[in-house]
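In the working numbering, the protein residues as written are 17 to 426. Idealized CB from N, CA, C, for every residue including glycine.
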Ligand SMILES: Cc1ncc(COP(=O)(O)O)c(C=O)c1O
């Protein structure tokens, strides 16, 4: 008997990470460009707030939807920065990272067989959470050759009577595409026309480059009542291990379902992490701004480092901390295999540089590779140099015998 969880993978990125960590344990220098974990320390005022909460003894159960000071800080933040028309803290739910916000949303929104539109490529966990919620992911291919890679017109071609929602992610993982206000307006118009819900994942709202503006779709006219907006403290405040995210919505029936699901799953987020998040969100937003500026520097370092590599054509990201690059057909492959997985294997085996094979992000990702530039700038620079060296000398390296610590490529 099969179960829905049998169709969920452990994730290609986790496999890459495990291989890299095994090599590190064996004494090899590795470069973690597969993982989107900020290298920055969690800001001092966030850590201090957690220590103070601990000293005050705030280690007991909290309201399962979150502590009031945090929910109120979120209300102020989403009204001010995201321009969301939120009435009060009852419309905010604190979650165990953005991941749990996604799970709760799909589980509370979908009936079996409901279809959800999402971009292709897209961070793997979205399709999997849709399936966990009983839904069917419907991928709409992004056209990265176009100045508007994902549009309402493309989405409309994939609507069916079973379409329930459109999932929007801007800035996007893995491509770094930032959707403009005009594109988002068209998506809202489509959602209104077909009476669809909008799920807006804004985990990278603060990681945005070249002066681009992050627009929250839930703020646009017509979207207010039909949008569920999801956020994370992981990337904005370098709090990935503390696991605090939140969702914001105006639909009372949806929120009631989410609160029931919360009570029966995590029953609230770790109390100390919530006090830390309250400090992060209530304080002036200098920390996310300055981290955003460093990510832009790292993007430029990586783009410059890969500049002379003929085998990879990068898509210039305007947000998030990922570089999405197309592998050129002239690549001769690794051990006779010419897939993106083989290129990921090759870079690990040759120079200990992590990456994520594009296929992990959906069919449109085949033949692409993703590098994360959330690790230290110096590591990004060194890793780019190593990748350049391997790719520039492909004939010699491809013929060389692999090291003994290396997993055979299937
Ligand atoms: C697009 C997107 N949404 C949500 C998340 C969830 O992050 P977290 O669970 O750490 O808050 C991630 C994490 O990588 C992501 O890439």
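Asked: Which residues in the same chain have their Cβ closer than 6 angstroms to the Cβ of residue 293, if we skip the five residues on either side of it in sequence?; Found: 86, 249 and 260
Asked: Measuring straight from C-alpha to C-alpha, what distance separates residue 289 and residue 20?; Found: 31 angstroms
Asked: Could you give the distance in angstroms between the alpha-carbon of residue 70 and the alpha-carbon of residue 301?; Found: 24 angstroms
Asked: According to the Cβ coordinates, are residue 160 and residue 370 closer than 7 angstroms?; Found: no
Asked: State the DSSP-derived secondary structure class of residue 165, mapped to helix, strand or coil.; Found: coil
Asked: Is any non-hydrogen atom of ligand 1 found closer than 6 angstroms to the C-beta of residue 219, if you look at the structure I gave you?; Found: yes
Asked: Hey, could you find the ends of the beta strand (DSSP E) residue 183 is sitting in?; Found: 179–185
Asked: If you follow the alpha helix (DSSP H) that residue 389 is in, where does it begin and where does it stop?; Found: Unbroken run through residue 389: none, as it is neither H nor E.
Asked: Can you give me the Cβ contacts of residue 355 inside the same chain, cut-off strictly under 6 angstroms, excluding the 5 residues immediately before and after it?; Found: none
Asked: When we look at the beta-carbon of residue 144 and count the other beta-carbons within 10 Å, is it buried (16 or more) or exposed?; Found: buried
Asked: Helix, strand or coil for residue 398 per DSSP?; Found: helix
Asked: Straight-line CA distance for residue 386 to residue 348?; Found: 19 angstroms
Asked: What is the C-beta distance between residue 389 and residue 318, in whole angstroms, given that I count them as a contact (C-beta under 8 angstroms)?; Found: 5 angstroms
Asked: Compute every distance between the C-beta of residue 98 and the non-hydrogen atoms of ligand 1, then say whether any falls below 6 angstroms.; Found: no
Asked: Which of helix, strand or coil does DSSP assign to residue 338?; Found: strand
Asked: Suppose you measure from the CA of residue 142 to the CA of residue 365; what does that come to, to the nearest Å?; Found: 29 angstroms
Asked: Pull up the distance between the alpha-carbon of residue 421 and that of residue 39, whole angstroms please.; Found: Confidence is the limiting factor: at residue 421 the pLDDT is only 29, short of 50, which leaves the residue's position unreliable, though a coordinate-based value still follows. Approximately 7 angstroms, taken between the alpha carbons.
Asked: When DSSP labels each residue in this structure, what does residue 262 get in the three-state scheme?; Found: strand
Asked: What three-state label does DSSP hand residue 288 in the structure shown?; Found: helix
Asked: For ligand 1, any of its heavy atoms closer than 6 angstroms to the Cβ of residue 245?; Found: no
Asked: Within the continuous alpha helix (DSSP H) that includes residue 34, where are the two ends?; Found: 28–41
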